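In my numbering, the protein residues as written are 6 to 696.
Notes follow the structure.
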C-alpha cells in the first residue's frame, strides 16, 4: 500500500549529455513502513504524514523485499515480530543487498524490550529501536533526522551532477578535447570516491554543557582523523578542538536549541593532521517519552571546500569591482587631463589675444572643478567624504528643494509630494541629502523618456535606532530595472545610459551618503513596473536647523598676520605659499610635524597654524594641532585635506577643516573668519566659528 502524502518526484541522475539538473527543484524522500498489523501501520502513517514525505506500507517481510527491489527509500521502519519472515531475517536480507547496505533501518517492537533483543536489533543492522505503542513525537523526530541525512546526501549528488554537467559543457568547446576529457574522467572518479565515502557524520549530544557527544558515527574518522570512540569517551574532547575564537559562538548556538528546538552553526575544528577544517553542524532536540528533552540529534559535514570557494568568489567579485572602478576613474580623469594639458600647452606655446587666453584658463578651471566633483562622488560612494551634519526637518527641506528638482526633470515629469507627519527630523548633511534627491530625480526622469509621475513621500519607520528611521520614498512609473541591473545599480561607473549621458556615479553617491549617515537604502523595481528608492535615515529629536546656503562671493581680503604653513607635498606647499604671501600674510613653512613644533617653540609671533592632515613621519596634522593648542591655547588652527580616511575625530568640530582642492578666495575668507575671531581658548570639541 502506498500513501501519497504530498508526494514529489524522486531526484534524477543526470547524464553528461542531458540538460542540467534543476538545483531549485525540491528533493523528495520515501519511507517504507513494514508491519503486519494494519493498526500499527496506520498509527505510523498518521504520525508521519504531516512531515510531507511519501509513505509506503508493506504488510510482510517478503513484500518489503519486493518494494526495495523497485524503489529507493530514505528510511525503513521495520516491525520485529511478524509471522513468516520476522524483522531480523528481513533486515539481514536487506543488508545483504549492496543498494540497501547504508539505508537506515529503525526497528519497531512492542515485545522485545530487554537489552539482549535490543543488542540483537543493532547487530542486525538497525540504527535505532522505537517501542510500541508509538509516541508520534519521538517517531517524527527520529525519522526527520534520517530523512535530513538522506536529503543532504542527495543534494551533494545533485550538486556533483551539476558540476559534472558544467565541466562537460566546457569540454565541448575546448580545442584540446582529449586532454580535457582525461581530466574530466579523473575528476569524475574523484567525485565518485567522495560520494562513496559520504563525509556526513550522524551524532547525538547531551543538552547540558559542554554538550558532550553521546553517539558519533564512524564516518567521523574520514573527516577529523579521530575514531568515534575518542568523542564519546572523552566528554571535553570535541569542545577542546574547536578554534578558540569560535567556542563561545558554538556554545551559544547549541544552547539556544533549548529555546528554538534546533540549531545550526559553522566553526573551525582542529583535526588530527594539525589543520583546522570548517564544520557545518546542525541538530534538533529529541524529546523523550515524558516530553522532556534528553539529547540533541544532529549531523555535521566538512564545509571547508565550500567556504574556500565562497572566499574565492568574493575575491573575484571584489577584483572585478576594483577593475571597473579604476577603469572609470582613469577614463574620466584622462579626459579632464587632456583638457588641462592641451590648454596649458596652447598657453605656453602660442601668443593669443587676451580673450582667447582667458577662455583657455577657464577651460582648465572647469576641468579641475569636474575632477574635484568626481573625487567627491568617489569619496561619497566609499563613505569617506567630509560631511557637515545638522538636525534638519526633512519635509521642509523637500518643500524648499522641490522647485529646483522640477526644473531638473522638466515639464514632462510631474513631481508630487506626499509628506508625512510634522517633526520628521534627521541629523545629516543637508547639501548631500539635496544632492541625493536630485540624483534620484534625474535618474527617474531618464527612466521616463515620454514623461510620467515622480512621487516623493516621507514617513516614519521603525528601526534599530532609538527613534527609528525617517523614510524618504522616491518612486517613478518608468521602465523599471531587470534583476541584473538591480544587483549592480549602486556600483560606481555602472550605467545603462548612452555614452555621454551619465557618469554612473549618481546612485553610488546616494548609497555612500546614506550609509555614511548610518542609514539604509532599499530598492524596489521590476521591468515595466517603475522604480522606488527608500532612503532610511536615523530619526533625530533635536531642534531642526535651517540648511546653510553659500553666501555670495565677497571681496577677497588678506592680512598681515603670521601663518605657519605645514605641507609635505612640495608643489602644494609652493602654490599655497604664493597665495598666502599674495594676500599679504607673513608665512613660515614646515614639511612635517617635527619641523612645525620647532617653529612654534622658537617663534611666539605665529598667529595661525594651517596644516595638512595626512603627513609622513607618524604624526598627523590633527595630532600636531592638538599639541600646538597645548603649547599655545590661543593659537588659531585650520586643517586641510583631500582625504581623511576613517578618522571620525576629523569632523570639523574640534578644528575647522578646509577640503582640498580649494580656491584662493575660499581660503582667504576662511582665514579671515578665524583670525578675526575674538581671542579665547576654545573648549575641546567645540564647534569652530568657521566650520
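We put the beta carbon where it would ideally sit given N, CA and C, even for glycine.
In this text the structure is predicted, and so the values were computed from the model without any measurement.
Alpha helix (DSSP H) runs wholly inside the region 613-687, at least 4 long, in chain order = Taken in chain order, the whole alpha helix (DSSP H) runs of length 4 or more contained in the region 613-687 are 626-636, 669-680.
Is the Cβ-Cβ distance between residue 205 and residue 304 less than 8 Å?
-> On the chain shown, position 200 is the one that residue 205 refers to. On the chain shown, position 299 is the one that residue 304 refers to. Yes, the pair counts as a contact, with Cβ atoms nearer than the cut-off.
What first and last residue would you give for the alpha helix (DSSP H) that runs through residue 101?
-> Residue 101 sits at position 96 when you count from the first residue of the chain shown. The continuous alpha helix (DSSP H) containing residue 101 extends over residues 92-101.
Reference residue 679, options 642, 669, 665, closest by Cα | The residue labelled residue 679 in the question sits at position 674 within the chain shown. The shortest C-alpha separation from residue 679 is found at 642.
Are any of the Cβ atoms in chain C nearer than 8 Å to that of residue 669?
-> Among the chains in the structure shown there is no chain C, since it carries only a single protein chain.
Could you give the uninterrupted runs of the beta strand (DSSP E) lying entirely in the region 467-541, keeping only those of 3 residues or more?
-> Within the region 467-541, the beta strand (DSSP E) runs of at least 3 residues that lie entirely inside it are, in chain order, 474-481, 525-530.
Out of curiosity, what's the CA-to-CA distance linking residue 82 and residue 158?
-> The count along the chain shown starts at 1 and reaches residue 82 at position 77. The count along the chain shown starts at 1 and reaches residue 158 at position 153. Approximately 20 Å, taken between the alpha carbons.
State the DSSP-derived secondary structure class of residue 430, mapped to helix, strand or coil.
-> To locate residue 430, count along the chain shown from 1; it is residue 425. Three-state DSSP puts residue 430 in a strand.
May I ask you to report which of helix, strand or coil DSSP gives residue 112?
-> Within the chain shown, residue 112 is the residue found at index 107, counting from 1. If DSSP states are grouped into helix, strand and coil, residue 112 belongs with the strands.
Does DSSP put residue 140 in a helix, in a strand, or in coil?
-> Walking along the chain shown from the start, residue 140 turns up at place 135. Coil.
For residue 669, which residues of its own chain have a beta-carbon under 6 Å away from its beta-carbon, when the five flanking residues on both sides are left out?
-> What you label residue 669 is simply residue 664 of the chain shown in a count that begins at 1. Around residue 669: 584.
Ranges of the alpha helix (DSSP H) found wholly within the region 233-276, counting only runs of at least 4 | 233-238, 242-245, 252-260, 262-265
Can the beta-carbon of residue 542 be found less than 8 Å from the beta-carbon of residue 526?
-> The sequence position of residue 542 within the chain shown is 537, counting from 1. The sequence position of residue 526 within the chain shown is 521, counting from 1. No, the pair does not count as a contact, with Cβ atoms beyond the cut-off.
Same chain, Cβ closer than 7 Å to residue 505, neighbours up to 5 away in sequence not counted | Residue numbering aside, residue 505 sits at position 500 when the chain shown is read from its first letter. The predicted model places residue 505 with a pLDDT of 44, which falls under 50 and marks its position as unreliable; any figure quoted below should be read in that light. Contacts found: none.
What first and last residue would you give for the alpha helix (DSSP H) that runs through residue 404?
-> Here residue 404 corresponds to residue number 399 of the chain shown, with the count starting at 1. Note, residue 404: alpha helix (DSSP H), 399-414.
Report all residues from its chain with a CB closer than 7 Å to the CB of residue 52; omit the five preceding and five following residues, and keep chain order.
-> Working through the chain shown from its first residue, we reach residue 52 at position 47. Taken in chain order, the residues that qualify are 139, 141, 144, 145.
Burial state of residue 55, where buried means 16 or more other Cβ atoms lie within 10 Å = Indexing the chain shown from 1 puts residue 55 at position 50. So residue 55 counts as exposed.
Are there 16 or more other CB atoms within 10 angstroms of the CB of residue 514, so buried, or fewer, so exposed?
-> Indexing the chain shown from 1 puts residue 514 at position 509. Looking at its Cβ environment, which holds 16 or more other Cβ atoms inside 10 Å, residue 514 is buried.
Does DSSP put residue 386 in a helix, a strand or coil?
-> By one-based count along the chain shown, residue 386 stands at place 381. Note that residue 386 scores 47 on pLDDT, short of 50, meaning its location in the model is unreliable and no value can be drawn from it.
One or two residues paired with residue 135 in a DSSP bridge = Residue 135 sits at position 130 when you count from the first residue of the chain shown. Looking at the DSSP assignment, residue 135 forms a beta bridge with 113.
Beta-carbon proximity of residue 370 to residue 414, cut-off 8 Å = The count along the chain shown starts at 1 and reaches residue 370 at position 365. The count along the chain shown starts at 1 and reaches residue 414 at position 409. No. Outside cutoff.
Less than 8 Å separating the beta-carbons of residue 465 and residue 456?
-> Reading the chain shown from its first residue, position 460 is the one you call residue 465. Reading the chain shown from its first residue, position 451 is the one you call residue 456. No. Outside cutoff.
What is the DSSP secondary structure of residue 349, reduced to helix, strand or coil?
-> Locating residue 349 in the chain shown gives position 344, where the first residue counts as 1. The answer is helix: DSSP assigns residue 349 an H, G or I state.
How would you write the range of the beta strand (DSSP E) that residue 562 sits in, first residue to last?
-> Translated into positions along the chain shown, residue 562 becomes position 557. Residue 562 -> no beta strand (DSSP E), and no H or E assigned at all.
Return yes when the Cβ of residue 430 is within less than 8 Å of the Cβ of residue 545, no when it is not.
-> Taking the first residue of the chain shown as 1, we reach residue 545 at position 540. Taking the first residue of the chain shown as 1, we reach residue 430 at position 425. In this structure, residue 430 lies closer than 8 Å to residue 545 by Cβ.
Starting from the C-beta of residue 462, find all residues in its chain whose C-beta is less than 6 Å away, skip the five residues before and the five after it, and write them out in chain order.
-> Residue mapping note: residue 462 aligns to position 457 of the chain shown, counting from 1. So the qualifying residues of the chain are 423, 478.
Roughly how many angstroms separate the alpha carbons of residue 287 and residue 281, rounded to a whole number?
-> Taking the first residue of the chain shown as 1, we reach residue 287 at position 282. Taking the first residue of the chain shown as 1, we reach residue 281 at position 276. Approximately 19 Å between the Cα atoms of the pair.
In angstroms with no decimal places, state the Cα-to-Cα distance between residue 10 and residue 57.
-> Along the chain shown, read from residue 1 onward, the residue named residue 10 stands at position 5. Along the chain shown, read from residue 1 onward, the residue named residue 57 stands at position 52. Residue placement at residue 10 is flagged as unreliable, the pLDDT there being 45, under the threshold of 50; the coordinate-derived value follows with that caveat. Separation of residue 10 and residue 57 (C-alpha to C-alpha, rounded to the nearest whole angstrom) is 6 Å.
Considering only the beta carbon of each residue, do residue 410 and residue 446 sit closer than 8 Å?
-> Residue numbering aside, residue 410 sits at position 405 when the chain shown is read from its first letter. Residue numbering aside, residue 446 sits at position 441 when the chain shown is read from its first letter. For residue 410 and residue 446, yes; Cβs fall inside 8 Å.
Let me know the secondary structure DSSP gives residue 65 once reduced to three states.
-> Within the chain shown, the letter at position 60 stands for residue 65. The answer is coil: DSSP assigns residue 65 none of H, G, I, E or B.
Span of the beta strand (DSSP E) around residue 421 = As a first step, residue 421 must be located in the chain shown, where it is residue number 416. Where residue 421 is concerned, the enclosing beta strand (DSSP E) stretches over 418-423.
Look at the alpha carbon of residue 568 and the alpha carbon of residue 373, and state the distance between them as a whole number of angstroms.
-> As a first step, residue 568 is located in the chain shown; it is residue number 563 there, counting from the start. As a first step, residue 373 is located in the chain shown; it is residue number 368 there, counting from the start. Computed Cα separation, rounded: 27 Å.
Which value, in whole angstroms, describes the spacing of the CA atoms of residue 156 and residue 31?
-> Taking the chain shown and counting its residues from 1, one reaches residue 156 at position 151. Taking the chain shown and counting its residues from 1, one reaches residue 31 at position 26. Going by the C-alpha atoms only, they are around 10 Å apart.
To which residues of the same chain is residue 417 closer than 6 Å at the C-beta, ignoring the five residues directly before and after it?
-> In the chain shown, residue 417 corresponds to position 412, counting from 1. The answer, listed in chain order, is 456.
Terminal residues of the alpha helix (DSSP H) in which residue 52 lies = Here residue 52 is taken as the residue at index 47 of the chain shown, counted from 1. First-last of the alpha helix (DSSP H) with residue 52: 43-53.
For residue 453, which of helix, strand or coil comes out of DSSP?
-> Walking along the chain shown from the start, residue 453 turns up at place 448. In this structure, residue 453 counts as coil in the three-state DSSP scheme.
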